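Below is one structure, written out as C-alpha cells; the observations come after it.
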Amino acid sequence: MKINYLAVGCCLFLLGMSGCSADSTENADLISSGKVLMTMHTSGPQTRAYYTDTGSSMAFSWHNDDVTSVVVNGVSGNENCQLTTSTNGKNVPFRGTVNTWSGTQNIYAFYPYSPTGYTVTSGDTPSTATVSLTLPNPQSYTVGGAISNSFMVGAGTATESGGAIDASVGLKQVMSIIKLNITNAPAKVTGVKLKCSESVFPTTATVKLIDGSISNPGTLVNELSMNVIDGTSVSSKAISFAMFPADLTGKTIGIEVVFEGGLTKTITKSGLSFARNAHYVMAFDATGAVDGIVLNGLTWAMGNLVADGPNGAKIGAPTDRGLYFQFGSLVGWDETTYSATSATIAVRPIGYTGGTSWDSNWAADPANENVSAGTGDPCKHYLGGNWRLPTSDEYSILFNHAYGGWRRAGDWSWSSSPAAAVHSSSGLTFLATGSRSYMYGQLKDVGSFGCYWSSSPFDAPHAFPLYFSSIDLQPSNYTYKRSFGFPIRCVHN
Numbered sequence: 005m006k007i008n009y010l011a012v013g014c015c016l017f018l019l020g021m022s023g024c025s026a027d028s029t030e031n032a033d034l035i036s037s038g039k040v041l042m043t044m045h046t047s048g049p050q051t052r053a054y055y056t057d058t059g060s061s062m063a064f065s066w067h068n069d070d071v072t073s074v075v076v077n078g079v080s081g082n083e084n085c086q087l088t089t090s091t092n093g094k095n096v097p098f099r100g101t102v103n104t105w106s107g108t109q110n111i112y113a114f115y116p117y118s119p120t121g122y123t124v125t126s127g128d129t130p131s132t133a134t135v136s137l138t139l140p141n142p143q144s145y146t147v148g149g150a151i152s153n154s155f156m157v158g159a160g161t162a163t164e165s166g167g168a169i170d171a172s173v174g175l176k177q178v179m180s181i182i183k184l185n186i187t188n189a190p191a192k193v194t195g196v197k198l199k200c201s202e203s204v205f206p207t208t209a210t211v212k213l214i215d216g217s218i219s220n221p222g223t224l225v226n227e228l229s230m231n232v233i234d235g236t237s238v239s240s241k242a243i244s245f246a247m248f249p250a251d252l253t254g255k256t257i258g259i260e261v262v263f264e265g266g267l268t269k270t271i272t273k274s275g276l277s278f279a280r281n282a283h284y285v286m287a288f289d290a291t292g293a294v295d296g297i298v299l300n301g302l303t304w305a306m307g308n309l310v311a312d313g314p315n316g317a318k319i320g321a322p323t324d325r326g327l328y329f330q331f332g333s334l335v336g337w338d339e340t341t342y343s344a345t346s347a348t349i350a351v352r353p354i355g356y357t358g359g360t361s362w363d364s365n366w367a368a369d370p371a372n373e374n375v376s377a378g379t380g381d382p383c384k385h386y387l388g389g390n391w392r393l394p395t396s397d398e399y400s401i402l403f404n405h406a407y408g409g410w411r412r413a414g415d416w417s418w419s420s421s422p423a424a425a426v427h428s429s430s431g432l433t434f435l436a437t438g439s440r441s442y443m444y445g446q447l448k449d450v451g452s453f454g455c456y457w458s459s460s461p462f463d464a465p466h467a468f469p470l471y472f473s474s475i476d477l478q479p480s481n482y483t484y485k486r487s488f489g490f491p492i493r494c495v496h497n
C-alpha cells in the first residue's frame, strides 16, 4: 500500500501504515489589526478540513462562515472574541470586534469557535499555556460538510501601536482524522463507531497551545461514536471524524457503520500510533451489511419486527416498538391501539384463515408453522434466510447471565430518556414496550417494563420471554402465558 498526499501540510495514510509528522510544514500565522475591529489574515497550510461536493476527496482550506475564538486574558471583555471569515481559501481574513489595549498582550486562538469560550491554563505565557479540550461522544457529522471537532490551537503576542493591533499566532492542528471511503452502501449512513475491547480512546486532553501537543490524555473509553446526517443517495461516500492522537499499536480496532433501516457492517483493523495533524484513510466496502450486530457469533437485529404492508414484516428502527405477537403466532398486532377490550391486527400471513379477535387461550409453538392457522416463527416466516427467534439461553448469554437486577449485567443499563429502554455499548437497545394482555389484548405498561418472546416453551400454556424493568432483569427465568402479546427481536447465525 502506498501513502498519498491530499494537500500541502496534511498527510494521508491507509490505516495500518505508519503516520508522519507535519510539524515542518506548519506556518499558519494570524495577523490582526484595528482598534476595535480585529482583522486576522491566515497564511500557511494549516486550515480546517472539509470535503468537496462529491464527497470523494478531502480539502484543507478555510471556508466562508468559519469562526474562530480569540482569547486575550490580559484585557477585560476579550475572554472569547468571535472572528469570522466571509471568503474561502488558505489565506483569508477573519474579522471581529475586540476591546483595544496599550502595549503588548499574549493572545490565544482556537478553532472551532465555542460559545462558552476556552479557558487558558498553566499561566498567561505562550510557551507554557495549555487548554483542556473535550471531544463530544457522540460527535455529529453531515456528509459533505466540515469535520466536527477538528481542533486547532495557537499562542502568540499582539502589540498596540498607534491605534492599531497587530497579532501573530501560529495555529496547529491537534487531532487525528479518520476517513472512511464507503462503497456499496445499501442505504444512507446514520452512524459510525470506533470500538476496542479496551478503553483506549481519549475523550479529554490537556493541549499545549504553542505546538498543539497533548501533555495529558484524560478520560479513556472503549468506543467513539458519531451520528451522521446523510442527504445523499449515492452508494459511494466519504465519512470522517476526529479523534485525539493515541498510540493504538497492537490493538484491534472495530469500525462499525450503521445504515438506514438498521443495516450494519463491522470491519476490524490493526491499530497504529495515530499522530497529531494526520489524516488516515481506509476503504470500507459495505457489501454484506446486515440488519444487526454480531455478538458471541450471533447477529442480533437492531430493531423489532414492524409492519411491511398487511402481509409482511421487516426489521424496524431501534426507536420502533413494533408489532406485538403471541407466542408462536405469525399474526402481528399493532403498537398503538390502547383499547381495554380489543386490539387490531396489523400483519397476517398470506393464506391465513384464522380469527381476527384476540385469543386468550392461544397456546401455539413457533417450531410448528401452519400459515392458515397463523402459527410459526415470525422471524423465519417474514424475514427468511437464517433469521429466527432467539432462545431463552441466548437471551441469558446476551445479558451476561444476570438475574434480578442490573449490577451483574455487564455494560447493560436502564435509561428513561429519551424513551424507557435498556442499552449496551454494542449499540443494541431494547425498548420498554409493555405488553398486550393475555385476556383481551389491551396494550399496557409501555415505558414500565419490556418483554420479548424467545423461542423456548416452558409447559403447555407458558413460555419464556426476556423480561426487564428499571430494577429487575430476567433474561430467561420468568414464564408468561403464551397468549400474551410481546414484541419480537430476531437473530441469525
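Take any residue in the sequence shown, count from 1 to its spot, add 4: that is its number in our numbering. The beta carbon of each residue, even a glycine, is placed where N, CA and C say it ideally should be. Quantities reported herein were computed from a predicted structural model and do not represent experimental measurements.
In this structure, the alpha-carbon of Asn68 lies about 29 Å from that of Pro130.
Contact between Gly160 and Lys176 does not hold, since the beta-carbon distance rounds to 12 Å and is not under 8 Å.
Counting along the chain, Glu260 sits inside the beta strand (DSSP E) bounded by residues Thr256 to Phe263. Within a 10 Å sphere around the beta-carbon of Arg486 sit 16 or more other beta-carbons, which makes this residue buried. Rounded to whole angstroms, Pro221 and Glu202 show a C-alpha spacing of 15 Å. The distance from the Cβ of Ala189 to that of Phe263 is about 6 Å, consistent with a contact at the 8 Å cut-off. Secondary structure at Glu398: helix, using DSSP grouped into helix, strand and coil. Contact annotation: the region 463–482 touches the region 399–411, with at least three C-beta pairs closer than 8 Å.
Under the three-state reduction of DSSP, Cys494 is assigned to coil, being neither helix nor strand. Nearest Cα to Ala464 within the set Arg412, Ser421 and Phe331: Phe331. Counting every other CB atom within 10 Å of its CB across the protein chains shown gives Met230 a total of 16 or more, marking it as buried. Using a Cβ distance threshold of 8 Å, Gly431 and Lys197 count as a contacting pair.
Gly296 and Asn110 have their alpha carbons spaced roughly 53 Å apart.
Taking C-beta atoms as the reference points, Ile349 and Val335 count as a pair closer than 8 Å.
Check the Cα spacing between Ser217 and each of Thr340, Met156 and Val204: the tightest is with Met156. A distance of 8 Å or more separates the beta carbons of Val135 and Thr146. The way I'd put it, the region 369–389 doesn't touch the region 449–456; fewer than three beta-carbon pairs between them come closer than 8 Å. About 23 Å separates the CB atoms of Gly107 and Ser73; that is not less than 8 Å, and the two are not in contact. For the options Leu393, Ser154 and Gly275, the alpha carbon positioned closest to that of Val204 is the one of Gly275. As the crow flies, the alpha-carbon of Asp170 is around 13 Å from that of Pro97. Here Ile243 is not near Leu327, since their CB atoms are 8 Å or more apart. Straight across, the Cα-Cα distance linking Pro382 with Thr256 is about 37 Å. Non-local C-beta neighbours of Ser459 in its own chain, meaning closer than 6 Å and more than five positions away in sequence, comprise Pro370, Leu393 and Thr395, ordered along the chain.
The residues Ala413, Trp416, Leu477 and Pro479, in chain order, have a CB closer than 7 Å to that of Phe403 in the same chain once the five nearest residues on each side in sequence are set aside. For Asn497, the closest alpha carbon among the candidates Asp251, Gly380, Thr223 and Val298 is that of Val298. The C-alpha of Gly380 lies about 48 Å from the C-alpha of Ser152. Taking each of Gly307, Ile181 and Thr187 in turn and checking the Cα distance to Ile492, the smallest one comes out for Gly307.
Gly174 counts as buried, since no fewer than 16 other beta carbons sit within 10 angstroms of its beta carbon. Each residue's CA atom was taken as its position, placing Cys85 and Thr101 some 7 Å apart. When the alpha-carbon of Phe114 is set against those of His466, Ser90 and Leu213, the nearest one is in Leu213.
Take the alpha-carbon of Val310 and the one of Gly316: they are about 9 Å apart. Per DSSP, reduced to three states, the secondary structure at His427 is strand.
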